[in-house]
Amino acid sequence: MEDIWHLLECVHAPVYFAPETGPAYTAAGAGLKGFWMGYVASRAAALGAAAPEVVTAAFYNFAPARIARALPDAWHRCPPATVLAARRDVADRCLRRLLGELVDAPEIAEAAELGRRAVRELPTAGRVLFAAHAAVSMPDEPHLMVWWAATALREFRGDGHVAALLAAGVDGCEANVISVAWGLAPPEQRLNRGWSETEWRAAHERLRARGVLAADGTPTARGRRERAAIEATTDRLAEPLVDVLGPDGRDRLAACLDPLARRIVAEGGVPFPNAMGLPPLRPG
């Protein structure tokens, strides 16, 4: 079965790519300009009208310039509460279209309850984006409850990954360089995350100086060990999900999410490659 965290990402991600996004934000009076303003504002809105410096810190691997191009302009165009409402409307419309009859499937209701329980019982300390999204009001409709839970839970793991990167001394730009060097993200990752060529080259140089990358930019044995350690720490910091749901509950949530994520991907809800760097699902 596909990794549960990957499934959660695929359930969450359609709100960034759906054709419903533009009309929903326009109807709400949001007037957000382009993909990245929509991405940054809709993901950050749970924090309130946060300053770009705060959002840059929380997102971690985006260039400050990328965030500053979206904020605070987005908040001048539309308050965060309105952005959140528009985002939920996008989720409702696109999930109904993508899932079709699966919107009423038993797996939806079961995943909704397991997701609700996880979000309500997981610890929030040190998990800023998770805490913010967990505090957003929970919808009543089961398919939206699944999306709400997926949104919060992917931030739970993401916050842990940021902690692992910090502990390993890997900054935001370096994290992106590593992802590209390991073949986990496309070369366009630099542009997608907003880093300049100068910043990107400097990150390469730092990683080479630390022995993480070879002179030709490929991973070294040391680099592979260090990245494996970061991923192991990330996985360990995500283990509270098992503490809350138990191994059987975690596996059952993954089993319920699997057909939903695969339908979303099959219907084009998440394009590959994509600006998020999200990889395709393994064949089911």
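When you line the sequence shown up against UniProt numbering, it's residues 1 to 284, in that order. The C-beta atom is built at its ideal place from N, Cα and C for all residues, glycine as well.
Close beta carbons around residue i, own chain, < 7 angstroms, minus the five adjacent residues each side
i	result
P80	A45, G48, A49
V242	R250
H133	A46, T151, A152, E155
G22	none
P240	L122, P123
E174	A203, R206, L207
Enclosing alpha helix (DSSP H) for residue i [first to last residue]
i	result
P52	52 to 59
P106	106 to 121
G158	142 to 168
T82	80 to 99
E9	4 to 12
D73	73 to 77
V128	128 to 134
Where residue i falls: helix, strand or coil (DSSP)
i	result
P64	helix
P259	helix
L213	strand
P23	helix
P219	strand
W182	coil
E188	coil
F35	helix
V270	coil
D251	helix
D235	helix
L47	helix
S196	coil
G277	coil
D243	helix
S137	coil
residue 332	The structure shown does not extend to residue 332, since the chain spans only 1 to 284, so no value can be given for it.
Neighbourhood of residue i by C-beta distance below 6 angstroms, restricted to the same chain and skipping five residues each side
i	result
P186	P273
A112	P142, M145, V146
residue 294	As displayed, the chain neither begins before 1 nor continues past 284, which places residue 294 out of reach and without an answer.
A261	L7, C10, V11
A150	L8, V11, H12
T56	P64, I67
A109	P142
P280	F272
A214	T220
Within 8 angstroms, strictly: CB atoms of residue i and residue j
i	j	result
I4	L207	no
R190	W200	yes
A18	V90	yes
G158	L129	yes
C94	E188	no
T220	V212	yes
A266	E226	no
A203	V180	no
L237	A163	yes
V244	R116	no
L114	R222	no
R88	P139	yes
I230	L165	yes
Contact with chain B by residue i, beta-carbon distance below 8 angstroms
i	result
V244	Protein chains in the displayed structure number just one, and chain B is not present.
Proximal residues to residue i (C-beta, below 8 angstroms), its chain only, five neighbours per side dropped
i	result
P52	P64, I67, A68, A70, L71, P72
P259	L102, A105, E107
W75	A41, A49
T124	F130, A131, A134
G284	E2, D258, R262
**Q.** Touch test, the region 97 to 107 against the region 55 to 63, Cβ-Cβ under 8 angstroms, three pairs minimum
**A.** no
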